[in-house]
Each structure stands twice: as structure tokens, then as C-alpha cells.
Amino acid sequence: MRFDVLTLFPDMFPGYIGQSLLKLAIERELVDVRLHDIREWTTDRHRSVDDRPFGGGPGMVLMAPPVVECVEAIQQSDAERGHLVMLSPQGRQLTQSVAKELAGHDRLVLLCGRYEGFDQRISDILKPDEISVGDYVLNGGEVAAMVVIDAVMRLIPGVLGDDESSQQDSFSIDGQNLEFPQYTRPREYRGHEVPDVLLSGDHGRIAQWRQQQSLERTQQRRADLLDKPDTTSGD
Ligand code: JD8
Numbered sequence: 001m002r003f004d005v006l007t008l009f010p011d012m013f014p015g016y017i018g019q020s021l022l023k024l025a026i027e028r029e030l031v032d033v034r035l036h037d038i039r040e041w042t043t044d045r046h047r048s049v050d051d052r053p054f055g056g057g058p059g060m061v062l063m064a065p066p067v068v069e070c071v072e073a074i075q076q077s078d079a080e081r082g083h084l085v086m087l088s089p090q091g092r093q094l095t096q097s098v099a100k101e102l103a104g105h106d107r108l109v110l111l112c113g114r115y116e117g118f119d120q121r122i123s124d125i126l127k128p129d130e131i132s133v134g135d136y137v138l139n140g141g142e143v144a145a146m147v148v149i150d151a152v153m154r155l156i157p158g159v160l161g162d163d164e165s166s167q168q169d170s171f172s173i174d175g176q177n178l179e180f181p182q183y184t185r186p187r188e189y190r191g192h193e194v195p196d197v198l199l200s201g202d203h204g205r206i207a208q209w210r211q212q213q214s215l216e217r218t219q220q221r222r223a224d225l226l227d228k229p230d231t232t233s234g235d
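Note that the sequence shown covers residues 1 to 235 in the numbering used here.
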């Protein structure tokens, strides 16, 4: 799967892209991430990408021409034009089921904005799939694009090892419940002990305990998940 990221701050990405799981997926040619600097599509002497809002108000707005021309050039650079995603607080919220939907595309073109946001005509002309990562204010779309890449790439067959992917089905917010508590060495730390059942070797009892912990946690912390139908396991 290929991700094309369109941004004014391409330097924000290499650190993230170099992380182990994504780096491995890129090396194995399961994932390809390409960065594009929107500023390279400016035509004026000052390489302007933003200007003051018509009607007044604070801050600057991303201008339509460099953004639209950048997107069109990137989409036309390959026979597979890709699914255009604009990271925006006005978008539909990213959930596991939206991540699964996005993972169904061979190519995603991720458009990141800055400043006060995009000139409305960018959306009117390009009709992107507008996605928000949550109801809080970020300074731009870059971190949100990394969230999208992170959530989507885990769903590409072969990216996760067999261990990790098989675990996915049985628990986690993927399904209906929060994860059960996990423990590793040492068996006792500052007076806090690992629950006996986990040391019992009784796989049936362990599975039962984990399921019950998972349900209890969900009831206490995220009761909202229990009312919802499972929208994630299918599509
Ligand atoms: C794109 C510019 C900043 C937003 C004035 C602060 C996503 N879940 C999310 N929260 N925020 C964003 C996001 C924020 C962005 C841009 C995405 C482009 N800004 C703006 C409006 C108010 N500034 C996001 N995805």
C-alpha cells in the first residue's frame, strides 16, 4: 500500500517513518510512504502558500492554487490515482471501522493543512474524504496523518507478525471490549503481585479470568462501547 503525504512540513515525518514496525514494512515493500512539499507547487516569487482571510479575522488561510495543483499532480503521477483524504477537524471521525475502510485502498493521498485551515474551494474542487482524528484542536494535519498511517498500516496483510495479528481477533477495542491487564517479570514488585491465576498454568481459567477482566474494565471505563453494535469485525 502506498501513502502520499502532502504537507508544508515534510521534515515532521522521517522520525515517525523510521520507527521499527513501519520501517520493516517499508523494507519488505508492503508499505511505501512518499512525502511531497506543497510549497514546491507555488509559482510566485515569494513561494506563498497562505494569505489573510477574506472578511477578516485572525491568522492565515491555505491558498487553493498550490494545494489543488499539488494534489492533481501527485494523483496524476500514477495510473492508480488513490483515495484523497484531507485531515480536517470538520471530517468524520477516525474509528477502527474507518481505518479498515481506508486500508481497502491501494493508495491513499493524505492532505495536511496548517494555519487556520484550507480555503473552502480546495474541498469544493477536490471533494476529499475529510477525516478528523478526534475532537480536540491540533496545529495542523501532520500528526493526524501519522495517526491515519499508523492505524491503517497495521491492517495491511503481512505487516504484523502472526503473533500480533492473531491476538487482534480475541480482544482489544477492535471488538467490543478493552484489553485485560497484562503482567510480566518480576512476579512481585513493591508489594504488588501478579494475580495467581496467571501463574497457574490452567489455560482455561486464565482465558476465563481475562475475559471477565476485559468485560469489567469496559463496564467501568467505556460503558459506551457496550451499547454499540460491533462495527469493526466485518467492515
Ligand atoms: C488540519 C490547520 C489548525 C484548525 C484553527 C488551529 C485533524 N482532529 C483534529 N484536530 N485538529 C485537526 C486539524 C487542525 C488543523 C488542520 C487538521 C489544518 N489546523 C486549525 C481549526 C482552528 N487552527 C484535526 N485531522
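Built from N, CA and C at the ideal position, the CB exists for glycine as well.
Query: In the DSSP output, which residue or residues are listed as bridge partners for R34?; Result: D4
Query: Report the residue from H203, G18 and A151 whose alpha carbon sits nearest the alpha carbon of V98.; Result: A151
Query: Alpha carbon to alpha carbon, how far is P10 from A144?; Result: 14 Å
Query: DSSP state of V194, grouped into three classes?; Result: coil
Query: Taking 9 Å as the threshold (C-beta atoms), are L155 and L21 in contact?; Result: no
Query: Between the Cα of I206 and those of F180, E193, Q176 and P65, spot the shortest distance and give me the residue it belongs to.; Result: F180
Query: So, are the CB atoms of P58 and V137 less than 9 Å apart?; Result: no
Query: From W41 to Q219, what does the alpha carbon distance come to, in whole angstroms?; Result: 51 Å
Query: Pick out whichever of V109, S132 and Y115 has its Cα sitting closest to the Cα of T95.; Result: S132
Query: So, with DSSP's three-state summary, where would you put G89?; Result: It should be noted that the sequence gives Pro, not Gly, for residue 89. It is a strand residue.
Query: Nearest CA to the CA of P186: which residue from L199, L178 and G15?; Result: L199
Query: Can you tell me the Cα-Cα spacing of G56 and D32, whole angstroms?; Result: 41 Å
Query: In its own chain, which residues sit with a C-beta less than 8 Å from the C-beta of D106, not counting the 5 before and 5 after it?; Result: M1, R2, E80 and G82
Query: Going by Cα to Cα distance, which pick from R121, P66, L62 and E188 is closest to R114?; Result: L62
Query: Thinking C-beta only, is L126 closer than 9 Å to N177?; Result: no
Query: Using C-beta distances below 7 Å, list every residue in its chain close to S170, excluding the 5 sequence neighbours before and after it, in chain order.; Result: Because the pLDDT of S170 is 45, which lies under 50, any placement of that residue in the model is unreliable, and the number read from its coordinates should be weighed accordingly. Result list for S170: empty, nothing under 7 Å.
Query: Where V67 and K23 are concerned, what is the direct C-alpha to C-alpha distance, given to the nearest angstrom?; Result: 28 Å
Query: Since I believe V85 is in contact with D4 (beta carbons under 8 Å), could you give me their beta-carbon distance rounded to a whole number of angstroms?; Result: The pair is not a contact, with the Cβ atoms about 10 Å apart (cut-off 8 Å).
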